[in-house]
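Undergrad: Note that the protein sequences, when read in sequence, are chains Z and W.
In this text, residue positions in the first sequence follow this note's numbering: the first is 237, and each later residue adds one.
In this text, residue positions in the second sequence follow this note's numbering: the first is 31, and each later residue adds one.
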Amino acid sequence: MIRRDSLLHKLTQLHWFLLLTIIAIATFGTLVLFSAGSSAHDLATGLLKIDATYAIQHATRFVLMLGVALVVALLPLRLWAAVAYPAYAIGVVMLVMVDFGGVVVNGAERWLQLGPLRLQPSELMKIAVPLALARYYHQMFSVGRSSLWTHFIAFVMVLIPVGLVLRQPDLGTALMIMGTGCAVIFFAGISLRLVIGIFALVAVLTPLVYFFGMHDYQRQRIETMFNPEADPLGAGYQLQQGLIAVGSGGLAGKGFMEGAQKELKYIPEQHTDFIFSIIAEEFGFVGSLVVLIAWGIALIQGMQIAGNSRSTFGGLAAAGFVSTLLLYVGINIGMVIGLLPVVGIPLPLISYGGTVIVTVMIGFGLLMAVHLNRANDMTLSGLF
Amino acid sequence: MSRDWRNQFPTRRQMFLGASGLVFAGLTIRLAELQLFRQAEFETKATETRIRLEPAPPHRGTIYDRTGRVLAGSKRNFYVTLRPELAGDDREIADIIDRISRIVPLSEAKKRSLYQEATTQAAFRDVLVADDLTWEQFAQVNVMAPELAGVTAEVGELRSYPLQAAFYHTIGYVAKANEADIMRMIEIETKAAGENPESPAGKARAAAVRRLYRHPAMRLGKTGIEAFGEARLKGDPGKIRLLQNAGGRVIDRLPSEDLQGKPGADVVLSIDAELQNFAIQRFGIEAGSAVMIDVATGEVVCMMSTPAPDPNLFVSGIAAGPYQALRADERNPLYHKAYDGVYPPGSTFKTVVAAAALESGAMKPEDTVQCSGKAWYYNRFYNCWRPQGHGTVNLHSGLMHSCDCYFYRAAEKTGIEAIAEVAKRFGLGHRYELGVTGGKSGSVPNDAWKRKVIGEQWYAGDTISAAIGQGYVTATPFQLAVMCGRIASGGAMPNPHLVASGFNVPDYEITPMGTFKPGVLEAVRSGMFGVTAEPGGTAYNYLQGGSVDPKGELPAPYTNAKMAGKSGTAQVRVIQASERNSRGEAIKNDKLPWKLRDHALFIAYAPADKPRYAVAVVVEHGVSGSGLAAPIARDLLAHALKYDTGSRKPFVPKPKEVALAEQVKT
Chain Z
237 MIRRDSLLHK LTQLHWFLLL TIIAIATFGT LVLFSAGSSA HDLATGLLKI DATYAIQHAT
297 RFVLMLGVAL VVALLPLRLW AAVAYPAYAI GVVMLVMVDF GGVVVNGAER WLQLGPLRLQ
357 PSELMKIAVP LALARYYHQM FSVGRSSLWT HFIAFVMVLI PVGLVLRQPD LGTALMIMGT
417 GCAVIFFAGI SLRLVIGIFA LVAVLTPLVY FFGMHDYQRQ RIETMFNPEA DPLGAGYQLQ
477 QGLIAVGSGG LAGKGFMEGA QKELKYIPEQ HTDFIFSIIA EEFGFVGSLV VLIAWGIALI
537 QGMQIAGNSR STFGGLAAAG FVSTLLLYVG INIGMVIGLL PVVGIPLPLI SYGGTVIVTV
597 MIGFGLLMAV HLNRANDMTL SGLF
Chain W
31 MSRDWRNQFP TRRQMFLGAS GLVFAGLTIR LAELQLFRQA EFETKATETR IRLEPAPPHR
91 GTIYDRTGRV LAGSKRNFYV TLRPELAGDD REIADIIDRI SRIVPLSEAK KRSLYQEATT
151 QAAFRDVLVA DDLTWEQFAQ VNVMAPELAG VTAEVGELRS YPLQAAFYHT IGYVAKANEA
211 DIMRMIEIET KAAGENPESP AGKARAAAVR RLYRHPAMRL GKTGIEAFGE ARLKGDPGKI
271 RLLQNAGGRV IDRLPSEDLQ GKPGADVVLS IDAELQNFAI QRFGIEAGSA VMIDVATGEV
331 VCMMSTPAPD PNLFVSGIAA GPYQALRADE RNPLYHKAYD GVYPPGSTFK TVVAAAALES
391 GAMKPEDTVQ CSGKAWYYNR FYNCWRPQGH GTVNLHSGLM HSCDCYFYRA AEKTGIEAIA
451 EVAKRFGLGH RYELGVTGGK SGSVPNDAWK RKVIGEQWYA GDTISAAIGQ GYVTATPFQL
511 AVMCGRIASG GAMPNPHLVA SGFNVPDYEI TPMGTFKPGV LEAVRSGMFG VTAEPGGTAY
571 NYLQGGSVDP KGELPAPYTN AKMAGKSGTA QVRVIQASER NSRGEAIKND KLPWKLRDHA
631 LFIAYAPADK PRYAVAVVVE HGVSGSGLAA PIARDLLAHA LKYDTGSRKP FVPKPKEVAL
691 AEQVKT
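What follows is the structure, given as C-alpha cells:
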C-alpha cells in the first residue's frame with residue numbers, strides 16, 4: 237500500500253489529464269517552432285532546410301519548467317499561500333524600481349537588472365496578483381467579511397500593479413493583470429449588479445482613456461487594427477502580413493514546413509507573438525481549431541480544479557490563473573487574426589520565448605497543487 | 031462567510047466558461063471568415079506581395095558588318111543594384127555602398143555620386159551600383175547580399191563592341207539614359223504610336239518608357255547608329271516575375287515566358303569591318319578619315335575616323351578624368367571626321383570646276399592658259415602652288431598638275447553659279463542621311479548663299495578662291511567620296527547608304543547627278559587618271575605610276591588595275607602675302623606647329639577603266655595630299671579590290687530564336 241501522504245501517492249494523484257493536455261500543446265508548439273526555422277523546399281536551394289534552434293530551445297525550456305511545475309505542485313499549498321503576500325510586495329517594489337531605473341529592452345518590455353539576474357517584474361505580477369487576492373479573500377472570508385469594502389480593497393490591490401505596469405508602458409500586460417484581478421474579484425462573489433454597472437462605466441470611460449490616457453503608439457496600434465491597409469508598410473504591416481498568412485492557409489493549410497509567408501519572413505516576430513500565423517498558414521482552419529480546442533480543454537480542467545477546491549485560497553487562485561490563460565490565448569489569437577490591437581502578448585506553450593513559459597508553468601504547477609490539496613480547506617490556523 | 035463565494039462559484043464558473051465559449055466562438059468565426067470564405071482573396075494578396083513584376087530590358091538588336099561580323103553585340107553582365115528604401119536611412123546607405131566597394135572597387139567620386147543618387151531619387155527605384163562585374167565579384171556580392179539590405183546581384187546583358195575603337199563614330203555607343211534622353215524617347219514613342227501625349231494611353235506609354243529606361247540594366251543609344259536606330263534596336267520590353275522576400279530581396283526568378291518582350295531588330299551595315307580595320311592600321315598615328323563607296327551599289331564599305339576612343343568605356347559610364355582627356359586631345363578623337371568634319375576641299379574641287387567649265391561651254395578641253403606661277407585678278411595676285419608656274423596648260427594637264435592658274439581662269443569664265451550647280455550635282459552641299467547622328471552638309475557657295483549666310487554680295491574674287499577649293503567652299507570627306515563616285519560612275523551610282531538592313535533611312539533630298547554633255551566626265555576622268563598614272567601627275571611619283579596592283583596579284587577582273595584620283599591640300603590658315611618669301615613661296619609646313627599644317631586630301635577610284643570603288647582620304651594636318659593621302663587611298667582601294675566584299679550581298683541575320691535562347695540561358 238502507498239501511504240496517503242507519501243510523494244509517490246501524491247504523484248499518482250496528479251491531474252494527469254491536465255498534465256497531458258499541457259504536454260500535448262507544448263509538443264505541438266515545438267513542432268511549429270521547428271517549422272518556423274525550417275522549410276520543406278527552401279526557395280534558394282529547393283532542398284529541405286532544417287533549423288531546429290527554436291524548437292530545441294523551446295523543448296528544453298518546457299521540460300525544465302515542467303520539472304519546476306511538478307515541484308510547485310508537490311509542495312504544500314499552504315506554502316504558496318504563505319508566499320502570496322511577500323511575492324506581491326516584492327513584485328510591487330520591483331515594478332517601482334523598474335519604473336524609476338529599469339533597463340529598457342525591446343520597447344515596451346521592461347526588465348530589471350539585478351546583478352546577473354534579469355527579471356521582468358510585470359510577468360511575476362501575473363501570478364502574484366491572483367495569489368495575493370486569493371490569499372486576501374481567504375483571510376477575509378474566514379473572518380466573515382464580504383462587504384463591498386472588502387472587494388474595493390481587493391480592487392485597489394489590483395490597481396497598484398496595473399498602474400505601475402501601465403506606466404512602463406506595457407498595455408498588454410496591464411490589461412492582463414487587470415483582467416485576472418477582476419476575474420478573481422468576480423469569482424469572490426462581488427454583486428453582479430455592480431459588475432454590470434462597472435461594465436457600463438468602462439464603456440463610457442473607454443473613449444476618454446483612448447483620447448487622453450494613451451500614448452501615441454498605443455493609439456496607433458488600435459487605429460491600425462481597424463484599418464490595417466492604411467499603413468501597409470508601417471504599423472499595419474505585421475498585421476496585414478499575418479492576415480495574409482492566416483487567410484491563405486485555407487481549410488487544411490499548406491502543410492507542415494510549407495508556409496510561404498513564413499518562409500519569406502514576411503511576418504515580423506513570427507516565432508514569438510505571431511506564431512499562430514504559422515499554425516494557421518500551415519495547418520489551416522482545422523489546425524487552428526485544434527489549438528483552440530486544446531486550450532478550451534485546459535481551461536475547463538482548470539475551472540474544475542478551482543471548483544473542487546475546498547479552500548478559498550486554492551479555488552480563487554486557480555480561477556484567477558485560468559482567467560490569465562484565457563486572456564493570453566484570447567488576446568494573442570485575437571490580435572493575430574485582427575480582432576484586437578497588436579499588444580505583444582505571446583501564445584503560451586507555443587510562442588518562442590523564456591518568460592511566458594516560466595509564468596505559465598508555475599501557474600500550472602499551482603493549479604495542480606490546488607488539485608492535490610483540494611480536500612484541505614486550509615483554515616486560518618492551518619495556514620500559519 | 032466563505033460559504034458565500036462557494037455557493038456562487040458554480041454559477042460564476044458557468045458564466046466564465048460561457049464568456050470563454052463566446053471568445054472562442056468569436057475567434058472561430060473570424061478564423062472561418064479568413065480561412066474559409068476569404069481564402070482566395072488572401073491567396074491573391076500573398077502572391078501579389080511575394081511576386082514583383084519588373085520590366086525586363088529587351089535583348090538589344092545586334093549590329094553586323096556586311097560580312098556578318100558583330101560590331102555591337104550583347105554580353106552577359108553581372109551587376110549590383112541597391113534599393114534605397116530597403117537599405118535604410120542615409121547613414122546605412124553610405125555604409126552599404128562602402129561595404130560593396132570592398133568587393134567591387136569604386137572610386138571615391140563614384141561612391142559620392144552613388145550616395146547622392148540613392149538618397150535623392152525615389153527610394154523604391156533600384157540604383158545601379160556597379161556593373162560588368164567579374165564572376166568572382168558577383169559571387170561575393172551574392173554571398174554578402176543577405177547582410178546588405180536592399181542589395182541585389184543580378185544578371186543581365188550589356189552592350190559590347192568587340193572591334194572597340196574601329197566603329198566608335200559610326201555606330202556610336204550606348205549609356206544610361208538621362209532625363210533629356212527619356213523625354214526624347216517618350217516623344218518619339220508616343221509620336222510613333224500616334225497617341226496624344228495628354229491622353230491616358232499616351233501617359234501610360236510615357237510611364238512605361240520612363241520605367242524601362244530607369245531600369246539599371248537598360249541602356250540607350252547616345253550617338254551614331256545606336257542613337258538613330260534606338261527605337262528599332264531596343265526592342266519591346268517584357269516583364270519578369272521575381273519572388274521576393276520580406277526584405278525585398280529577390281529569392282528567385284519565376285517562369286515569365288508569357289510576359290516576354292520582343293528583341294530588338296538586328297541591323298546590318300554595308301561596311302566591311304576588315305577594310306575598316308585595315309584603314310585604321312594604315313593611318314597609323316595620323317589623324318584623319320576615310321570613306322569608301324561601292325560605286326556599283328552605292329554602299330558605304332568603309333567610313334572611318336581616327337583616332338577614336340573605345341566605345342566600351344562609355345557603356346558603364348566613363349569617368350570625368352578620361353573623358354576630359356579625350357575632349358582636350360588635339361586629334362579630336364570624339365569627332366566623326368568623316369561625317370562631321372568640314373574641310374575646304376582644296377584642289378579636289380578642281381574636278382568640279384573642270385566639269386562646270388566644260389558643261390557650261392566656258393572652256394573647251396583643248397583651251398589653254400598660260401601659268402607663270404601667279405595670276406592677276408581684280409587688283410591682286412593669286413598664286414599658283416608652283417611658284418615657277420606650269421607654262422601652257424590645258425584641261426588635262428591642268429588637272430594632272432593641279433595648276434591653280436588654269437582653274438582661276440576656268441572659274442572666272444564659268445562663273446560661280448554654274449560651278450555651284452555642278453558641285454551640287456556632284457553631291458556636295460548636302461547632309462546625307464545615313465542613319466547616323468550628326469553629319470554636316472558643308473557649303474557650296476554662290477551669290478544667294480553668301481547673301482544669306484555671310485550677308486554680303488558675291489565678289490568676283492570669291493570665285494577665284496573657290497576655283498581651287500578654298501574660300502567659302504567646304505565639304506566633308508563623305509561628300510568627297512560621293513563626288514568621286516559620281517565622277518567615276520557617271521551618275522550610275524545609286525544613292526549612298528550605310529544601313530543594309532534593319533531599318534529604313536530614306537533621304538529624299540539628294541540632288542540627282544543628271545547627265546552631263548558627252549565628253550565632260552570623260553575629260554575629268556582623263557585628268558584624274560593623269561594625276562596618278564601619267565609622268566608629271568602630282569601623285570605619279572608617290573603611287574609608282576598609279577597601279578593598284580603592281581605585282582599583278584589581284585583577282586580578275588581587277589588584275590593590274592590602275593587608279594585615278596585627285597589630290598588636294600586644304601589650308602588651315604590664310605597665308606598672308608608677308609609670309610611668302612621673295613620667290614613667292616609660302617612658309618614650309620614642317621616649320622609650322624602640327625595644328626597649323628595643311629590638311630592632306632585625296633579622292634580616288636579604281637579600277638580606272640571600269641570604276642568599282644571610290645574613296646576619299648583626309649589626313650588632318652598631313653600637309654601633302656599626293657604624298658601622304660594618295661598612298662593611303664591606293665592601299666585602301668587595293669584592299670577593297672582584293673577582297674571585293676562589295677560584290678557579295680550583305681549578310682542576312684538569322685532569326686531571333688538563337689539569340690533569345692542564349693539570353694534565356696543566362
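We put the beta carbon where it would ideally sit given N, CA and C, even for glycine.
Using a beta-carbon distance cut-off of less than 8 Å, what residues from the segment 408–421 of chain Z approach chain W?
TA: A419
Undergrad: Return no unless some Cβ of chain B is closer than 8 Å to the Cβ of N275(W).
TA: Among the protein chains in the structure shown, which are Z and W, there is no chain B.
Undergrad: What are the residues in the segment 70–85 of chain W lying within 8 Å of chain Z by C-beta distance?
TA: E71, F72, E73, K75, A76, T79, R80
Undergrad: Looking at chain Z, is there any beta carbon in it that lies within less than 8 Å of the beta carbon of V185(W)?
TA: By one-based count along the second sequence, residue 185(W) stands at place 155. Closer than 8 Å: no.
Undergrad: Can you give the beta carbon distance from A117(W) to I126(W), rounded, assuming they're within the 8 Å contact cut?
TA: Counting from 1 along the second sequence, the entry for residue 117(W) is found at position 87. Counting from 1 along the second sequence, the entry for residue 126(W) is found at position 96. Confirmed, about 5 Å.
Undergrad: Identify the contact partners of A139(W) in chain Z, using a Cβ-Cβ distance below 7 Å as the criterion.
TA: As a position in the second sequence, residue 139(W) is number 109, starting the count at 1. Near A139(W) there are no residues of chain Z at all, since even the closest Cβ is about 33 Å away, more than 7 Å.
Undergrad: On the three-state DSSP scale, how would you describe I323(W)?
TA: By one-based count along the second sequence, residue 323(W) stands at place 293. It is a strand residue.
Undergrad: Would you please verify whether the beta carbon of P526(W) is less than 8 Å from any beta carbon of chain Z?
TA: Translated into positions along the second sequence, residue 526(W) becomes position 496. For P526(W), no CB of chain Z lies under 8 Å from its own CB, so it is not counted at the interface with that chain.
Undergrad: Give, in chain order, every residue of the segment 490–510 of chain Z whose Cβ lies closer than 7 Å to some Cβ of chain W.
TA: A496, Q497, L500, K501, Y502
Undergrad: Are any of the Cβ atoms in chain W nearer than 8 Å to that of T548(Z)?
TA: Reading the first sequence from its first residue, position 312 is the one you call residue 548(Z). It does: the Cβ of T548(Z) has a partner Cβ on chain W nearer than 8 Å.
Undergrad: Starting from the beta carbon of F521(Z), find every residue of chain W whose beta carbon is closer than 7 Å, and list them in chain order.
TA: Translated into positions along the first sequence, residue 521(Z) becomes position 285. Chain W residues near F521(Z): L61, A62, Q65, L66.
Undergrad: Below 8 Å on the Cβ atoms is my guess for Q574(W) versus P565(W); work out the distance and round it to an integer in Å.
TA: Position 544 of the second sequence, counted from the first residue, corresponds to residue 574(W). Position 535 of the second sequence, counted from the first residue, corresponds to residue 565(W). Q574(W) to P565(W), Cβ: 12 Å. No contact.
Undergrad: With DSSP as the reference, label M430(W) as helix, strand or coil.
TA: Residue numbering aside, residue 430(W) sits at position 400 when the second sequence is read from its first letter. Note: M430(W) maps to helix in three-state DSSP.
Undergrad: Is there contact here, the segment 441–451 of chain Z with the segment 32–46 of chain W, by at least three beta-carbon pairs under 8 Å?
TA: no
Undergrad: Assess, as a yes-or-no matter, whether the segment 488–508 of chain Z is touched by the segment 517–531 of chain Z under the definition of 3 or more beta carbon pairs within less than 8 Å.
TA: yes
Undergrad: Under the DSSP definition of a beta bridge, which residues are partnered with N107(W)?
TA: Residue numbering aside, residue 107(W) sits at position 77 when the second sequence is read from its first letter. G186(W), per the DSSP bridge assignment.
Undergrad: When every heavy atom of the ligand FAD is checked, does at least one fall within less than 7 Å of the C-beta of G575(W)?
TA: Ligands in the displayed structure: none, and consequently the ligand FAD is not present.
Undergrad: What is the rounded straight-line gap between the Cα of A600(W) and the Cα of G428(W)?
TA: Taking the second sequence and counting its residues from 1, one reaches residue 600(W) at position 570. Taking the second sequence and counting its residues from 1, one reaches residue 428(W) at position 398. Spanning the two alpha carbons is a distance of roughly 18 Å.
Undergrad: By a C-beta neighbour count over all protein chains shown, 10 Å radius and 16 as the cutoff for buried, is R132(W) buried or exposed?
TA: Your numbering for residue 132(W) matches position 102 in the second sequence. Classification for R132(W): exposed.
Undergrad: The beta strand (DSSP E) spanning I581(Z) covers which residue range?
TA: Residue numbering aside, residue 581(Z) sits at position 345 when the first sequence is read from its first letter. The continuous stretches of beta strand (DSSP E) do not include I581(Z), and DSSP gives it neither H nor E.
Undergrad: On a Cα-Cα basis, can you pick out the residue from D370(W), K672(W), S495(W), R80(W) that is closest to P507(W)?
TA: By one-based count along the second sequence, residue 507(W) stands at place 477. If we check each option's Cα against that of P507(W), D370(W) comes out closest.
Undergrad: Residues of chain Z with CB under 9 Å from G56(W), in chain order?
TA: Here residue 56(W) corresponds to residue number 26 of the second sequence, with the count starting at 1. Taking a Cβ-Cβ threshold of 9 Å, the residues of chain Z close to G56(W) are G566, G570, L575, in chain order.
Undergrad: From L247(Z) to G532(Z), what does the alpha carbon distance come to, in whole angstroms?
TA: Position 11 of the first sequence, counting from 1, holds the residue named residue 247(Z). Position 296 of the first sequence, counting from 1, holds the residue named residue 532(Z). Between L247(Z) and G532(Z), the C-alpha separation is close to 25 Å.
Undergrad: May I ask you to report which of helix, strand or coil DSSP gives S286(W)?
TA: One-based indexing of the second sequence puts residue 286(W) at position 256. It is coil, neither helix nor strand.
Undergrad: Quick one: give me the first and last residue of the beta strand (DSSP E) that H629(W) is part of.
TA: If you number the second sequence from 1, residue 629(W) lands on position 599. 629–636 is the span of the beta strand (DSSP E), which, as asked, contains H629(W).
Undergrad: Could you check if I484(W) is buried or exposed, using at least 16 other CB atoms within 10 Å of its CB as the buried criterion?
TA: As a first step, residue 484(W) is located in the second sequence; it is residue number 454 there, counting from the start. Exposed.
Undergrad: Pull the bridge partners of F411(W) from the DSSP assignment, please.
TA: The count along the second sequence starts at 1 and reaches residue 411(W) at position 381. F411(W) is bridged to W406(W).
Undergrad: Nearest-angstrom Cα distance between G465(W) and V535(W)?
TA: On the second sequence, position 435 is the one that residue 465(W) refers to. On the second sequence, position 505 is the one that residue 535(W) refers to. About 6 Å.
Undergrad: So the candidates are G421(W), A634(W), K380(W); which of them puts its Cα closest to the Cα of A670(W)?
TA: The sequence position of residue 670(W) within the second sequence is 640, counting from 1. Comparing Cα positions, the closest option is A634(W).
Undergrad: In the segment 459–499 of chain W, which residue ranges form an unbroken alpha helix (DSSP H) of at least 4 residues, counting only runs that do not cross its ends?
TA: 477–483, 490–497
Undergrad: If you draw a straight line from the C-alpha of A498(Z) to the C-alpha of I581(Z), how long is it?
TA: Looking up residue 498(Z) in the first sequence gives position 262. Looking up residue 581(Z) in the first sequence gives position 345. Reading off the sequence, residue 498(Z) comes out as Lys, not Ala. K498(Z) and I581(Z): Cα-Cα distance of roughly 19 Å.
Undergrad: Per DSSP, which one or two residues make a beta bridge with K592(W)?
TA: In the second sequence, counting from the first residue as 1, residue 592(W) sits at position 562. DSSP, once it has assigned bridges, lists S577(W) as partnering K592(W).
Undergrad: Using the three-state DSSP reduction, which class does T599(W) fall into: helix, strand or coil?
TA: What you label residue 599(W) is simply residue 569 of the second sequence in a count that begins at 1. T599(W) falls in the strand class under three-state DSSP.
Undergrad: With 8 Å set as the bound, which would you pick, yes or no: does the beta-carbon of P87(W) sit closer than that to a beta-carbon of chain Z?
TA: The residue given as residue 87(W) occupies position 57 in the second sequence. It does not; no Cβ of chain Z falls within 8 Å.
Undergrad: Over what stretch of residues does the alpha helix (DSSP H) that includes Q354(W) continue unbroken?
TA: For the purposes of this step, residue 354(W) is taken as residue 324 along the second sequence, with counting starting at 1. Its alpha helix (DSSP H) spans residues 350–358.
Undergrad: Would you mind sorting N342(Z) into buried or exposed? The rule is 16 or more other CB atoms within 10 Å of its CB.
TA: Counting from 1 along the first sequence, the entry for residue 342(Z) is found at position 106. Caution is warranted here: a pLDDT of 47 is assigned to N342(Z), below 50, making its placement in the model unreliable, and no coordinate value can be reported.
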